[in-house]
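Q: A single structure is presented below for examination.
Residue numbers (this note's numbering): 493 to 631.
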């Protein structure tokens with residue numbers, strides 16, 4: 493399968509045996525708001541290459557957006573196990589745990605983010621730090 497943009501320029505040629513092709517198509521689908529197609533392509537990529545952390549993280553984000561919080565958490569955890577440097581997953585997991593009312597787990601995730609965040613995340617670290625303080629008052 494070959495995908496073209498609106499000008500007729502080839503964007504991607506899909507090889508059904510290459511996880512990266514399915515992942516790239518998932519990214520395109522996600523950017524176009526085609527959530528179901530993106531999920532299908534990320535799942536296909538992960539069937540071929542289960543250790544593709546980017547696909548797991550993107551899949552988790554889509555699940556979270558659909559309200560599938562438990563499924564999202566599973567994928568974020570797998571993404572972090574594959575690539576512990578994907579620190580944004582800690583924030584996303586913290587948000588998911590908050591949605592589930594599991595504030596203690598949320599605080600642990602947010603702290604992991606704050607402890608590992610490089611300087612380009614400075615504004616998020618400040619916001620997450622305040623969120624941690626707020627949650628600690630609840631629990």
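Backbone N, C-alpha and C fix where the C-beta goes; we use that ideal spot for every residue, glycine too. Every value quoted in this text rests on a predicted model; they were computed, and no experiment measured them.
Compute the Euclidean distance between the alpha carbons of residue 619 and residue 577, then round it to the nearest angstrom.
A: Residue mapping note: residue 619 aligns to position 127 of the chain shown, counting from 1. Residue mapping note: residue 577 aligns to position 85 of the chain shown, counting from 1. Each residue's alpha carbon lies about 20 Å from the other.
Q: Apply the 10 Å Cβ neighbour rule to residue 573 and answer buried if 16 or more other Cβ atoms are within range, or exposed otherwise.
A: On the chain shown, position 81 is the one that residue 573 refers to. The residue is exposed, with fewer than 16 neighbouring Cβ atoms inside 10 Å.
Q: Anyone know if the C-beta pair for residue 624 and residue 599 falls short of 8 Å?
A: Looking up residue 624 in the chain shown gives position 132. Looking up residue 599 in the chain shown gives position 107. Closer than 8 Å, so yes.
Q: Straight-line CA distance for residue 511 to residue 614?
A: For the purposes of this step, residue 511 is taken as residue 19 along the chain shown, with counting starting at 1. For the purposes of this step, residue 614 is taken as residue 122 along the chain shown, with counting starting at 1. Between residue 511 and residue 614, the alpha-carbon positions lie close to 34 Å from each other.
Q: Beta-carbon within less than 7 Å of residue 628's beta-carbon, same chain only, minus the 5 sequence neighbours each way: which residues are those?
A: Taking the first residue of the chain shown as position 1, residue 628 is located at position 136. The answer, listed in chain order, is 599.
Q: Quick check: what's the CA-CA separation for residue 567 versus residue 610?
A: Taking the chain shown and counting its residues from 1, one reaches residue 567 at position 75. Taking the chain shown and counting its residues from 1, one reaches residue 610 at position 118. Near 23 Å, if we compare the C-alpha coordinates of residue 610 and residue 567.
Q: Comparing C-alpha positions only, which one of 565, 551, 562, 559 sits nearest to residue 518?
A: Within the chain shown, residue 518 is the residue found at index 26, counting from 1. Of the listed residues, the one whose Cα sits closest to residue 518 is 551.
Q: Please report the straight-line C-alpha distance between residue 532 and residue 595, rounded to a whole angstrom.
A: For the purposes of this step, residue 532 is taken as the residue at position 40 of the chain shown. For the purposes of this step, residue 595 is taken as the residue at position 103 of the chain shown. Taking the straight line joining both Cα atoms gives about 31 Å.
Q: Taking only three categories from DSSP, how would you classify residue 525?
A: Here residue 525 is taken as the residue at index 33 of the chain shown, counted from 1. Residue 525: coil per DSSP, three-state reduction.
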